[in-house]
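Trainee: Can you read through this structure? Questions will come right after.
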Amino acid sequence: MRQGADPQSAVDEALGRIRRRHPTFQGALVAIDRRGNHAAATNCMPFTYAVATAVDPQGRVIQVQNRCDSADQDEDEDEADGEAMTAAA
-6 MRQGADPQSA
4 VDEALGRIRR
14 RHPTFQGALV
24 AIDRRGNHAA
34 ATNCMPFTYA
44 VATAVDPQGR
54 VIQVQNRCDS
64 ADQDEDEDEA
74 DGEAMTAAA
């Protein structure tokens, strides 16, 4: 993970970089650190993954929240902020 980031921060930041370069990207990312902490992020698609550990050998299924709508809202807010700054100048 970059600069010691936790798995959720790492996938969120990586997904943001991908979206900026490839706005039509559809996919998901999963990260796990050496302690077994894990997280995932998805863009414009449903995503489910399973994880099992020595502590939980039966494992569990995790459904990841779709980031498509919230990411579009973030971009709209960024554009609105930019327009407001331009209008103020």
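No gaps in the numbering here: position 88 of the sequence shown is 81 in our numbering, and each next residue is one more. Idealized CB from N, CA, C, for every residue including glycine.
Along the beta strand (DSSP E) that carries residue 56, what are the first and last residues, could you check?
Mentor: 53 to 57
Trainee: What is the DSSP secondary structure of residue 29, counted as helix, strand or coil?
Mentor: coil
Trainee: Could you have a look at residue 7 and say whether DSSP puts it in helix, strand or coil?
Mentor: helix
Trainee: Could you tell me if residue 3 is buried or exposed, where buried requires 16 or more neighbouring beta carbons within 10 angstroms of its beta carbon?
Mentor: buried
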